[in-house]
Amino acid sequence: MSDQTTNQKHPSTLPPSSALVHLDSELTVTSSDNIKKTDCLGDKEEYYSADKTDIDVEHATATVDPQDEQPVLVDGPLFGWIVVFASFTSQMISMGVCNVYGVYQNYYFTEKFQGSASTFQLAWIGSLAIMALDLAGPFTGSICDYFGHRQAALIGVVIMTLSLTAAAFATQVWQLYLTQGVLYGLGGSLTYFASLTLPSQWFTKSRGLVTGIAISGGGIGGLWISPIVSKLLTNKGFKFTMLTMAIAHFVLLVPACMFYKTRRETGRQRAKRIKQFGYRKGEAMDNGKKRKFIDWTIMKDIRFSLLFVAGIFVVSGYFTPFYFINSYAIQHGVDKSTAALMVGLMNGASAIGRIVMGLVSDKIGSMNALCISTFAATLTLFFLWTFAKTVAVMFVFSIAYGLCCGAYLSSTVSVSAAIAGLDRLGSVTGILYAGMAIGSTIGSPTSGAILDTIGHGTDYTGVIIWSGTVMLIGSVIQFGMKFATNRNIFAKV
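Quick note on numbering: the sequence shown equals residues 84 to 576 in the numbering used here.
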């Protein structure tokens, strides 16, 4: 392909039969004429001639248009892996803390607020954090797309650090609602969506894998944060633990976020370029309309609408094992350190599941991977947790559920990218997570209420049935999305 390439600084016209190809497109070129291609920054242009061949955009080279004042950023997979590792680190700390809230919840119930707060009341702290993270998604995702992922992530780190610092001095449950709950979730939303969507900009053929690696950080973080938080709460107390976690957030996340580099043109850069130089050839026709900060038109796509609705149901049950396996194990005679280890193993297994299913999704399709992983996780709730009366079976359930459920979050990003493309991936993923916010708001508090009333604080059967049922409904809707895309059950979608 490269030996047929003719670089032109300012091509004035496109050949009549050529087509504009964007970097987020993975289309097969069928034209035998020259094809103009604009790279992710919008400051490089060149012609490729092709005869029914695939354009390898991952290793493409280009010339710089001197008229464009934007800096030339590092291009290619090498720096992309640095971005993936930075995203992994951010997920490890921010989502790792969210995933081990069950350890905090058990401490609050048995120590800090013993006798003054119910499981239902305490479950709202973790749920508010997830709800704020998800509900702010359309806005924080759009902030990433418009201002840049690094800027958004750094602001999120500052907010999370301040929220944990303020939580250290909380003496009432409602104060934790605001600090460890809402404020932490808002800061986490900025960091989360930046690290969730950025790796996809650097890869075209392995997006499922790199997204899985990045988001697996949350599971790895839960693996080691869970026992550490448990030990700190027991030996050093609540205030020391929260301040330590606040310092850890700032020290570890600021350097990681400095490696965030956006490969594609941000909304602000695009607006500045258009103001100074006008639209590129073909851009005014295709994208000339002013972009909305949050683009809700994606909801017109039936596939995305089904993915959105499925997310409400799946997330209603998704976090219940993470939040309740700790207290469930203690209720069945397991010591606190072993119970905390189960939370850690569930998180660690979810990290492995995200990486493995990310790799599998590149082979069988992201929608197929999503459907399989969600349905498998649902089966573990009904057929493992229900019968987990011994330590051994509890460990088996923790690992099995983690392996199966872990792929859900990473696969949804790959599916969103397949449906909407990369230019608005942050905004679109944010909209998807706004739906999940409804599920997180309903899920764990409902589980807590069921445990307090029907279960009388000791019987978790109702909790298990509730979480399994809503995840099963979500799984059925996901299969509907798959068949809306392709009715062939074995098709790669």
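Quick reminder that beta carbons are idealized off the backbone N, C-alpha and C, glycines included.
Closest by C-alpha distance to residue i, when choosing among the options
i: residue 389; options: 565, 573, 198; result: 565
i: residue 554; options: 262, 395, 221; result: 395
i: residue 496; options: 242, 313, 284, 315; result: 284
i: residue 219; options: 576, 515, 426; result: 515
i: residue 230; options: 180, 344, 313; result: 344
i: residue 400; options: 509, 217, 551, 196; result: 551
i: residue 187; options: 175, 273, 206; result: 206
i: residue 299; options: 377, 167, 338, 413; result: 167
i: residue 297; options: 563, 484, 339; result: 339
i: residue 183; options: 224, 225, 240, 301; result: 301
i: residue 414; options: 568, 544, 222; result: 544
i: residue 462; options: 501, 243, 558, 238; result: 558
i: residue 227; options: 556, 532, 282, 573; result: 282
i: residue 210; options: 327, 567, 418, 520; result: 520
i: residue 192; options: 316, 328, 383; result: 316
i: residue 426; options: 353, 483, 250; result: 483
i: residue 276; options: 257, 259, 221, 289; result: 221
i: residue 307; options: 432, 445, 563; result: 432
i: residue 563; options: 532, 454, 473; result: 454
i: residue 419; options: 258, 512, 441, 474; result: 474
i: residue 508; options: 279, 249, 162; result: 279
i: residue 440; options: 294, 203, 217, 199; result: 294
i: residue 305; options: 570, 405, 478, 460; result: 405
i: residue 410; options: 355, 253, 185; result: 185
i: residue 480; options: 429, 310, 444; result: 429
i: residue 527; options: 175, 472, 202, 179; result: 202
i: residue 434; options: 491, 324, 289; result: 491
i: residue 549; options: 464, 471, 421, 489; result: 464
i: residue 407; options: 341, 541, 325, 263; result: 541
i: residue 239; options: 438, 452, 384, 178; result: 178
i: residue 266; options: 246, 254, 199, 326; result: 246
i: residue 232; options: 196, 321, 181, 341; result: 341
i: residue 257; options: 312, 237, 196, 287; result: 196
i: residue 417; options: 478, 323, 525; result: 478
i: residue 287; options: 533, 457, 445, 536; result: 445
i: residue 189; options: 379, 314, 164; result: 314
i: residue 244; options: 162, 253, 262, 255; result: 262
i: residue 194; options: 318, 248, 467; result: 318
i: residue 536; options: 164, 362, 163, 204; result: 204
Bounding residues of the alpha helix (DSSP H) (the contiguous stretch that carries residue i)
i: residue 565; result: 544 to 568
i: residue 307; result: 300 to 318
i: residue 466; result: 449 to 466
i: residue 332; result: 321 to 340
i: residue 352; result: 350 to 360
i: residue 483; result: 474 to 488
i: residue 519; result: 508 to 535
i: residue 386; result: 385 to 401
i: residue 219; result: Looking at the DSSP string, residue 219 is not in any alpha helix (DSSP H), and its letter there is neither H nor E.
i: residue 187; result: 184 to 190
Supposed contact pair residue j and residue i - C-beta distance, whole angstroms, cut 8 Å
i: residue 173; j: residue 336; result: 6 Å
i: residue 436; j: residue 486; result: 4 Å
i: residue 215; j: residue 273; result: Actually they are not in contact, since the Cβ atoms of residue 215 and residue 273 sit about 11 Å apart, beyond 8 Å.
i: residue 449; j: residue 268; result: With 8 Å as the limit, residue 449 and residue 268 do not qualify as a contact, their Cβ atoms being about 26 Å apart.
i: residue 546; j: residue 523; result: Not confirmed; about 16 Å, so no contact.
i: residue 572; j: residue 386; result: At roughly 16 Å, the Cβ-Cβ gap does not stay under 8 Å, so residue 572 and residue 386 are not in contact.
i: residue 499; j: residue 512; result: 5 Å
i: residue 270; j: residue 242; result: 3 Å
i: residue 575; j: residue 447; result: 6 Å
i: residue 208; j: residue 260; result: 6 Å
i: residue 331; j: residue 560; result: That belief does not hold up - the Cβ atoms of residue 331 and residue 560 are roughly 38 Å apart, past 8 Å.
i: residue 347; j: residue 505; result: 6 Å
i: residue 630; j: residue 423; result: The structure shown does not extend to residue 630, since the chain spans only 84 to 576, so no value can be given for it.
Closer than 7 Å: residue i CB and nearest the ligand ZN heavy atom
i: residue 515; result: What this structure holds is no ligand at all, so the ligand ZN is not there to describe.
Cutoff 8 Å: residue i Cβ touching any chain C Cβ
i: residue 557; result: In the structure shown, chain C does not exist; there is a single protein chain.
Runs of alpha helix (DSSP H) lying entirely within the stretch 226 to 282, each at least 4 residues, in chain order: The stretch 226 to 282 contains, as complete alpha helix (DSSP H) runs of 4+ residues, the segments 232 to 250, 256 to 259, 267 to 280 (chain order).
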